[in-house]
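Number of protein chains: 2
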Amino acid sequence: MTVPLASVASDTAATLREQVYESLREALTQGKFAPGQKLTIRSIGNALGVSVMPVREALRRLTAEGAFEMQPNRSVRVPLMTRAKIVELRDIRVALEGLAAERAAEHVTPEKIAELQQLALEIVAARERGDSAIDRIKIREFHFTLYRTSGQTTLVRMIEALWLQTGPYMNLLFPAYVRGRRGEGRRRLIQALQAREGASARREIADDIREALTYVADLADDEGVIGVKAAR
Amino acid sequence: MTVPLASVASDTAATLREQVYESLREALTQGKFAPGQKLTIRSIGNALGVSVMPVREALRRLTAEGAFEMQPNRSVRVPLMTRAKIVELRDIRVALEGLAAERAAEHVTPEKIAELQQLALEIVAARERGDSAIDRIKIREFHFTLYRTSGQTTLVRMIEALWLQTGPYMNLLFPAYVRGRRGEGRRRLIQALQAREGASARREIADDIREALTYVADLADDEGVIGVKAAR
DNA sequence: CGCGCCAATTTGTGATCACAAATATCCTTG
DNA sequence: CAAGGATATTTGTGATCACAAATTGGCGCG
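Chains A and B, in that order, give the protein sequences. Per this note's numbering, the first sequence starts with residue 249, numbered consecutively. Per this note's numbering, the second sequence starts with residue 249, numbered consecutively.
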């Protein structure tokens with residue numbers, strides 16, 4: 249089995265284990281693994297030019313974070329995504345990212361607001377160009393810049409794990425879903441931050457996530473498994 | 249350094265790694281590690297009679313779950329608990345356990361309600377005897393029986409990780425906080441379940457967690473670290 | 001031609017070794 | 001006596017080996 253992984257060399261991670269972790273994380277985010285795909289320790293090690301040791305530890309961590317799952321036969325695979333699971337993750341994300349947005353509104357500074365406004369502009373620009381790769385990257389940056397503003401490190405860490413689970417499936421929002429959306433939600437969010445209105449900020453983020461993941465969930469029938477298209 | 253760990257023999261876990269994981273988890277829950285305590289791989293391995301390999305993987309998982317934290321010097325330690333962190337965990341738990349309670353109310357069966365009623369009785373009985381060890385165990389069982397009723401496996405897994413982080417500090421609720429509490433909240437929760445009122449169930453759980461963790465948070469001054477008394 | 005059984009291979013797990021970084025200890029020096 | 005540096009020990013990391021469980025492939029039997 250060959251595994252589509254970039255070399256680990258470029259990263260700044262101190263240990264090989266962390267480089268393998270980042271490499272797998274990146275591949276997952278870009279949707280390079282098929283849902284249900286089985287991964288073997290040795291094939292990952294070969295693809296990255298390391299022994300089994302760092303791979304084992306990286307897989308253990310990613311499994312704890314829900315990015316992979318262990319099967320009874322002890323092998324690791326990419327979780328299958330069902331409609332029910334998308335809905336579950338949607339509700340969790342609405343709760344936690346809504347909470348982070350509310351706390352962010354309480355700690356926000358003018359500098360952070362300027363940063364978010366800049367990112368919002370870049371998202372609109374990328375969308376007008378039809379550049380969904382940059383679009384996705386900037387959306388992620390926008391959200392996590394907001395969440396980190398909350399100062400709640402445990403909360404941010406949990407949200408990162410959730411994005412790792414839903415990440416590949418967010419590709420399905422492009423291009424149909426995002427078409428015509430002109431960032432009105434982000435504009436209202438920034439207004440809420442400027443006014444220090446935590447409840448409004450929470451509502452904007454909650455609505456955004458709820459709508460997007462409801463759209464993704466509806467792409468699968470009730471029992472069906474959602475496939476992932478390769479990242480562009 | 250000696251580590252207070254029971255032998256791994258009794259467990260039914262398939263792999264040594266899982267036995268080490270369960271062993272460390274149990275020790276954490278019982279508050280056998282001091283906050284800030286540094287743990288070395290070899291000392292844990294010696295205490296459990298295994299080599300470093302299973303310990304490394306168990307620690308990696310527990311670190312990903314937030315039960316331990318890695319220091320820049322690569323060593324693993326028990327996280328220090330501050331007032332701000334307790335408040336953060338409180339708000340996350342209110343959100344997620346409230347959500348689980350609401351979903352549980354939508355899926356609850358008469359059998360589950362009977363099971364919860366039985367547990368509620370056992371909690372009251374233990375409390376009247378002043379048996380806080382049984383009290384804590386039954387409280388945990390009550391909560392997770394409720395949460396599992398939601399059928400949301402990812403959500404339950406996240407809540408388990410949260411309990412692992414706050415677990416030792418819940419000992420601080422005994423005996424002062426629980427004294428005089430006669431389980432009125434649990435009675436109202438069960439009523440809400442019987443009536444299939446998700447919003448009421450959420451409110452009961454949310455209030456319970458908010459009050460308990462606010463009490464714990466107030467045990468520390470603003471910058472201070474909260475110590476943990478040994479489990480009885 | 002299809003199904004089940006057995007051998008060959010793959011794969012996960014755990015122990016051990018080597019090495020470098022971090023930590024502790026001791027000795028010297030001011 | 002205190003402080004700084006050299007040495008010794010501890011500790012985390014990664015590679016390799018051995019072994020057992022799981023998987024695969026092919027063969028023979030029905």
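The beta carbon of each residue, even a glycine, is placed where N, CA and C say it ideally should be. What you are looking at is a predicted structure, and each value in this text was computed from that prediction instead of being measured.
In chain order, each beta strand (DSSP E) run of at least 3 residues that lies wholly inside the region 368 to 426 of chain B: none
Which one or two residues does DSSP pair with valine 324 of chain B in a beta bridge? B:Leu287, B:Met318
Beta-carbon neighbours of leucine 347 of chain A, restricted to chain B and to distances below 8 Å: Asp339, Ile340, Ala343
Strictly below 8 Å CB to CB, what residues from chain A border glycine 314 of chain B? Thr402, Arg405
At a CB-CB cut-off below 9 Å, which residues of chain A make contact with glutamate 459 of chain B? Correct list: empty, because the minimum Cβ distance to chain A is about 18 Å.
Any chance the region 334 to 354 of chain B sits against the region 390 to 410 of chain A, with 3 or more Cβ pairs inside 8 Å? yes
Under three-state DSSP, which class holds alanine 447 of chain A? helix
Neighbour list for arginine 304 of chain A in chain B, Cβ cutoff strictly below 9 Å: Met301, Arg304, Glu305, Arg308
Report yes or no: is there a C-beta of chain B within less than 8 Å of the C-beta of glutamate 336 of chain A? yes
Rounded distance between the beta-carbons of alanine 447 of chain A and leucine 441 of chain A, thought under 8 Å: The Cβ separation is near 12 Å, so there is no contact.
Is leucine 461 of chain B helix, strand or coil when you go by DSSP? helix
Report the residue from B:Ile289, B:Glu350, B:Pro416 whose alpha carbon sits nearest the alpha carbon of leucine 307 of chain B. B:Ile289
Classify valine 335 of chain B as helix, strand or coil using the three-state DSSP reduction. helix
Classify serine 299 of chain A as helix, strand or coil using the three-state DSSP reduction. coil
May I ask which residues mark the beginning and end of the alpha helix (DSSP H) holding glutamate 313 of chain B? Here glutamate 313 of chain B belongs to no alpha helix (DSSP H), and DSSP marks it neither H nor E.
Three-pair Cβ contact test at 8 Å for the region 319 to 336 of chain B versus the region 412 to 428 of chain B: yes
Using a Cβ-Cβ cutoff of less than 6 Å, which residues in the same chain neighbour tyrosine 425 of chain A once the five nearest sequence positions on both sides are dropped? Tyr463
Tell me whether the beta-carbon of arginine 495 of chain B lies closer than 8 Å to the beta-carbon of glutamine 285 of chain B. The displayed coordinates of chain B run from 249 to 480. Any statement about residue 495 of chain B would go beyond what the structure contains.
Using 8 Å for Cβ pairs, my map puts phenylalanine 316 of chain A next to serine 380 of chain A. What's the rounded Cβ distance? That pair is no contact at about 26 Å.
May I ask you to verify whether the region 288 to 305 of chain A touches the region 260 to 279 of chain A, counting CB pairs closer than 8 Å and requiring at least 3? yes
Where do the N-terminal and C-terminal ends of the alpha helix (DSSP H) with isoleucine 265 of chain B fall, by residue? This sequence places arginine at residue 265 of chain B; isoleucine is not what is there. Residues 264 to 277.
Report the option in A:Ile438, A:Ala262, A:Arg451 whose CA atom is closest to the CA atom of valine 356 of chain A. A:Ile438
For a test of the three-state rule: what should DSSP assign to alanine 280 of chain A, helix, strand or coil? With the sequence shown as reference, residue 280 of chain A is identified as lysine, and alanine is not the correct amino acid for it. Coil.
Arginine 444 of chain A versus glycine 293 of chain B - alpha carbon distance: 51 Å
Residues of its chain near glutamate 389 of chain B, where Cβ-Cβ distance is below 6 Å and the 5 sequence neighbours each way are ignored: Leu367
Determine, using beta carbons only, whether serine 398 of chain B and alanine 352 of chain B come nearer to each other than 8 Å. yes
Quick one: grab the DSSP three-state call for aspartate 466 of chain B. coil
Beta-carbon proximity list for isoleucine 382 of chain A, same chain, < 8 Å, skipping 5 on both sides: Glu370, Ala374
When you compare only the Cα positions, how much space is there between valine 372 of chain B and glutamate 274 of chain B? 24 Å
Straight-line Cα distance separating threonine 311 of chain B from methionine 318 of chain B: 7 Å
According to DSSP, is valine 429 of chain A helix, strand or coil? According to the sequence shown, residue 429 of chain A is arginine rather than valine. Reduced to three states, the DSSP call for arginine 429 of chain A is coil.
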